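This report concerns only the one structure given below.
Protein chains in written order, with the UniProt record's numbering: chain A, 1 to 150; chain B, 1 to 150.
Structural data, given as structure tokens:
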């Protein structure tokens, strides 16, 4: 974990790397059985005959695992943050059992609040790729971060 | 479950209702322990002293439960669909143990593909409210839906 980073420490172009996230078939089926019980996520035989030719992970499972990786990596240290918004969340390629995912987190905008200058909003682009460097998911995360000084 | 609905059956202003989704403390802690292990989600004592004054659910947990409700309610019947994108996903109010959530799904746009007229994209606004009618989460979901006729 890095030391605590505040708004003044963050700048467009800073990048952190996350992962590896190993996708196991049992975990894919377990998550989807509870939250996204469609045949392509929970039934190996049906998935094999379906459009993806095999079991694929629920997109919400991948998103949840990327959140876990963010908590573990704590790029901003123990600075209290508040997720405000997710935009442009796309599942761009199937995630399959055995895939190993990596995450790239890049700051694309830093804006101090005009009305509340003790804080600001950081926009972070999250790009998730598999072991073949194919992007499987991406999204933009707007995060409220406290400032060190007003 | 409704009969299978295709692109021609869908129109702006159509609304489906989902829920109830009952938020249990044990489930909140279990999900967050695996995917979002921050004190506000997993540690009752620490959460009580934190900014929300008690345990709150991970936003990704709420999103996953809304997915489950979508699969259960199957507003489009067994029509094969493909989630393309999520935009404007906001967690607007804390979700706490004991909350009971409802979901409103409203079609806000229907566009047939020009290049591939056998399909189109439906934009559905998802609004999740608690038992006090306070909106806790909302997002826009772009879904690819097959057309009945070209």
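For glycine and all other residues, C-beta sits at the position ideal for the given N, C-alpha and C. Please read these numbers as outputs of a predicted model, since none were measured by experiment.
Quick one, which of the options has its alpha-carbon nearest residue i's?
i, options, result
"residue 28 (chain B)", "B:65, B:130, B:105, B:77", "B:65"
"residue 142 (chain A)", "B:127, B:123, B:91", "B:91"
"residue 104 (chain B)", "B:119, B:34, B:130, B:145", "B:130"
"residue 102 (chain B)", "B:16, B:40, B:31, B:33", "B:16"
"residue 26 (chain B)", "B:38, B:55, B:48", "B:55"
"residue 32 (chain B)", "A:23, A:71, A:120", "A:71"
"residue 116 (chain A)", "A:150, A:53, A:10", "A:150"
"residue 84 (chain A)", "A:122, A:21, A:52", "A:122"
"residue 11 (chain A)", "A:110, A:24, A:67", "A:110"
"residue 151 (chain B)", "B:114, B:44, B:87", "Residue 151 (chain B) falls outside the range modelled here, since chain B spans only 1 to 150, and no answer is possible."
"residue 22 (chain A)", "A:44, A:57, A:114", "A:57"
"residue 97 (chain B)", "B:14, B:13, B:41", "B:41"
By the criterion of Cβ-Cβ separation under 8 angstroms, what are the contact partners of residue i in chain A?
i, result
"residue 71 (chain B)", "36, 37, 38"
"residue 118 (chain B)", "Near residue 118 (chain B) there are no residues of chain A at all, since even the closest Cβ is about 14 angstroms away, more than 8 angstroms."
"residue 68 (chain B)", "34, 35, 36, 37"
Take residue i and list the residues in its own chain whose beta-carbon comes closer than 8 angstroms to its own, dropping the five residues that flank it on each side.
i, result
"residue 4 (chain A)", "76, 77, 78, 79"
"residue 112 (chain B)", "7, 119, 120, 147"
Please classify residue i as buried or exposed, where buried requires at least 16 other C-beta atoms within 10 Å of its C-beta.
i, result
"residue 1 (chain B)", "Residue confidence is low: residue 1 (chain B) scores 49 on pLDDT, short of 50, so the model does not pin down where it sits. Its coordinate-derived value is still stated next. Burial call: exposed."
"residue 118 (chain A)", "exposed"
"residue 99 (chain B)", "buried"
"residue 82 (chain B)", "exposed"
"residue 69 (chain B)", "buried"
"residue 134 (chain A)", "exposed"
Just the chain B side, please: which residues come within less than 7 angstroms of residue i by C-beta, in chain order?
i, result
"residue 91 (chain A)", "83"
"residue 63 (chain A)", "60"
Given residue i, which residues of its chain have a CB within under 7 angstroms of its CB, disregarding the five upstream and five downstream residues?
i, result
"residue 60 (chain B)", "35, 36"
"residue 39 (chain B)", "46, 47, 50"
"residue 6 (chain A)", "79, 145, 146, 147, 148"
"residue 19 (chain B)", "69, 101, 102, 103"
"residue 53 (chain A)", "none"
Near residue i, which residues of its chain fall below 6 angstroms by C-beta distance, leaving aside the five closest residues on each side in sequence?
i, result
"residue 62 (chain B)", "95, 137"
"residue 125 (chain A)", "106, 108, 140"
"residue 8 (chain B)", "148"
In chain A, which residues lie with their C-beta within 7 angstroms of the C-beta of residue i?
i, result
"residue 134 (chain B)", "Residues of chain A passing the Cβ test: none, with the nearest at roughly 17 angstroms."
Under 9 angstroms between beta-carbons, which chain A residues line up against residue i? List them in chain order, please.
i, result
"residue 59 (chain B)", "67, 83, 86"
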